[in-house]
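Counting in my numbering, the sequence shown runs from 76 upward without gaps. To keep things clear, I will list the structure first and then write my remarks on it.
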Amino acid sequence: MEPLDRRTLPVGLPSVFKNRERLLRASRGRPSPRHSPPAYPNSLAYPTTPASLHPLCLWAIGAKEKRTSVQQPGPGASAEVQATAEETMTEVEDTEAKIVAALETVFAADGEQWLSRPFFTGRVKEVLGALGHELGFEVACHTSDYQRATEGECLYDMTWYILDKTKFMDKTKGMLIRQPMVLESEWKPDPTMDIDFQKLVQARADVRVWLFTAANAQEIDNYIARCRDQAQSFAGRQPGDRYVFTGFDFQKKVFAPVQTFRV
76 MEPLDRRTLP VGLPSVFKNR ERLLRASRGR PSPRHSPPAY PNSLAYPTTP ASLHPLCLWA
136 IGAKEKRTSV QQPGPGASAE VQATAEETMT EVEDTEAKIV AALETVFAAD GEQWLSRPFF
196 TGRVKEVLGA LGHELGFEVA CHTSDYQRAT EGECLYDMTW YILDKTKFMD KTKGMLIRQP
256 MVLESEWKPD PTMDIDFQKL VQARADVRVW LFTAANAQEI DNYIARCRDQ AQSFAGRQPG
316 DRYVFTGFDF QKKVFAPVQT FRV
């Protein structure tokens, strides 16, 4: 690290040093052992330095770099591992974008038919089931809602999943290795629908989709805020957990804009 020239310090920076001796020590490039800059061994994201500030300035004022919410391989990871991580993230982001686009398209049509619970339940699963198969995933849900379902409903209203068909457990068609999407939906406004959302919070999936109904736009906003709070309060959350929300406004008979959220 180059010695710090006090004449180039940003205005007001010297005040962060407790005394003149520490300032002189810092200017000679020898920070006090008790106040050494933090090390970042195996860090997910190394601190970056704005071009306008000397590295020691950042240390002195206690600047911290906000780490990315998506876990990435460390600097020592092989090129193959890093490439795989980047490819996976790109695929997950693409999957989320396609889910949002499909929902926005279908919600813009069909009008007041959404007031019917059977239509609401069946139409959502029909659209997302077809998208899941288009993306090459297996789809589990009630066949009465989506006739092409690979399997019947399991745990969630709908699940996209991937099996390793070279490995088997008893009475299975392969080992479950990934869930690209899980869906829960609740047509009837009811306080107990919180329980269904909590099923998504504990799910290990790339994208969690939550569709519900509410009396009006304000109630939709209030409920989504509570869902966000629940997702962030869950001790088992992981950085980068993704959610897609939207609610049907009974008052206006339309869907609110689809929202995405990442823990």
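We put the CB at the ideal spot given by N, CA and C, even for glycine.
Compute the beta-carbon to beta-carbon distance between residue i and residue j, rounded to the nearest angstrom, for a pair I have assumed lies under 8 Å.
{"i": "K200", "j": "D220", "result": "4 Å"}
{"i": "V202", "j": "V181", "result": "5 Å"}
{"i": "L216", "j": "D232", "result": "First, the residue type needs correcting, since residue 216 is Cys and not Leu in the sequence shown. At roughly 6 Å, the Cβ-Cβ gap stays under 8 Å, so C216 and D232 are in contact."}
{"i": "A306", "j": "Y298", "result": "That pair is no contact at about 13 Å."}
{"i": "V338", "j": "R312", "result": "5 Å"}
{"i": "E187", "j": "K328", "result": "5 Å"}
Going straight from the alpha carbon of residue i to that of residue j, what length do you get?
{"i": "L275", "j": "D316", "result": "10 Å"}
{"i": "D169", "j": "V282", "result": "11 Å"}
{"i": "F320", "j": "I237", "result": "23 Å"}
{"i": "P264", "j": "G211", "result": "33 Å"}
{"i": "D304", "j": "G322", "result": "17 Å"}
{"i": "A224", "j": "Q326", "result": "33 Å"}
{"i": "M250", "j": "E166", "result": "21 Å"}
{"i": "A292", "j": "F336", "result": "18 Å"}
{"i": "W285", "j": "H208", "result": "20 Å"}
{"i": "A172", "j": "F287", "result": "20 Å"}
{"i": "F330", "j": "A205", "result": "21 Å"}
{"i": "I252", "j": "G227", "result": "18 Å"}
{"i": "F194", "j": "S308", "result": "33 Å"}
{"i": "D296", "j": "T241", "result": "45 Å"}
{"i": "L190", "j": "A278", "result": "29 Å"}
{"i": "E259", "j": "T234", "result": "9 Å"}
{"i": "D324", "j": "A310", "result": "31 Å"}
{"i": "T196", "j": "T218", "result": "12 Å"}
{"i": "Q254", "j": "E294", "result": "30 Å"}
{"i": "C229", "j": "Y318", "result": "20 Å"}
{"i": "R198", "j": "A280", "result": "22 Å"}
{"i": "V333", "j": "R192", "result": "20 Å"}
{"i": "E261", "j": "P314", "result": "26 Å"}
{"i": "I174", "j": "V257", "result": "11 Å"}
{"i": "A341", "j": "A183", "result": "In the structure displayed, the chain extends from 76 to 338; residue 341 sits before or after that span and is not available."}
What three-state label does DSSP hand residue i in the structure shown?
{"i": "R317", "result": "strand"}
{"i": "S219", "result": "coil"}
{"i": "M268", "result": "helix"}
{"i": "V257", "result": "strand"}
{"i": "A227", "result": "Per the sequence shown, the amino acid found at residue 227 is Gly instead of Ala. Coil, per DSSP."}
{"i": "Q273", "result": "helix"}
{"i": "R283", "result": "strand"}
{"i": "T170", "result": "helix"}
{"i": "P106", "result": "Residue placement at P106 cannot be trusted, given a pLDDT of 44 that sits under 50; the coordinates are not used to answer."}
{"i": "V338", "result": "coil"}
{"i": "F212", "result": "coil"}
{"i": "T288", "result": "strand"}
{"i": "V333", "result": "coil"}
{"i": "D185", "result": "coil"}
{"i": "F194", "result": "helix"}
{"i": "A306", "result": "helix"}
{"i": "D239", "result": "strand"}
{"i": "T247", "result": "coil"}
{"i": "D324", "result": "strand"}
{"i": "M233", "result": "strand"}
{"i": "L119", "result": "Bear in mind that a pLDDT of 36 at L119, under 50, signals an unreliable position, so the model cannot answer this."}
The segment 264–283 / the segment 243–251 touching (three or more Cβ pairs under 8 Å): No contact exists between the segment 264–283 and the segment 243–251.
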